[in-house]
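Student: The following block contains the structure, expressed as structure tokens.
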Amino acid sequence: DYYLNHGFDGKEDSTGTLFMDYRCDYVNPKTNTIIYGHNMNNGSMFGELKKYLDESFYNTHKIISFDTLYEKREYEIVAVCLSKVEYQDDNNFRYYNFINADNDTEYDAFLRTVKNLSVYGENIDIQKTDKLLTLSTCNNYTEDGRLFVVAKRIK
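Going by this note's numbering, the first residue of the sequence shown is number 2, and it counts up by one from there.
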């Protein structure tokens, strides 16, 4: 959570910066890489993700370019979802804890959750061998709401 209120340079910054979940490894990715960022009104950080709630925008902007110092990757968005932070007493599947599918049951639970939370229906083309990228930000549709986009690696 450090980068929610600190910039890339480590200085305090209320807008924070985009950051990868500490359990993820970009060099040797597991099943799912999760990136977090604030939903800024000015469109910075993940402020543009809310545009994916417009189906015409979603249909014409499905490719994510994800570049680092090491390589360039491309992902195709397969789901746009609304959720909320789940607390200890809640029994719901927490998408933000899905980093690596240790077995088919875990993967199936993630896929079922994504299908249930998807804004555009259950026609989601993900295979167990796909490497996924999840972009997650806050959303005020409900208390502790979250908007997350799931994409599969295509290049």
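Cβ atoms here follow ideal geometry from the backbone N, Cα and C, with glycine treated the same way.
Under DSSP, the beta strand (DSSP E) around Val-120 begins and ends at which residues?
Tutor: Careful: Val-120 lies outside any beta strand (DSSP E) and carries neither H nor E.
Student: Hey, quick one: how far does the alpha helix (DSSP H) through Glu-56 stretch, first residue to last?
Tutor: Segment 56 to 61, the alpha helix (DSSP H) holding Glu-56.
Student: Measuring CB to CB, does Thr-69 end up less than 8 Å from Leu-134?
Tutor: Their beta carbons are not under 8 Å apart, which means Thr-69 does not touch Leu-134 by this criterion.
Student: For Ala-80, which three-state DSSP category applies?
Tutor: Looking at Ala-80 - three-state DSSP - the assignment turns out to be strand.
Student: Does the contact criterion of 3 or more C-beta pairs under 8 Å hold for the segment 45 to 59 versus the segment 109 to 117?
Tutor: No, the segment 45 to 59 does not touch the segment 109 to 117.
Student: Beta strand (DSSP E) containing Gly-146: first to last residue?
Tutor: Gly-146 -> beta strand (DSSP E) spans 146 to 154.
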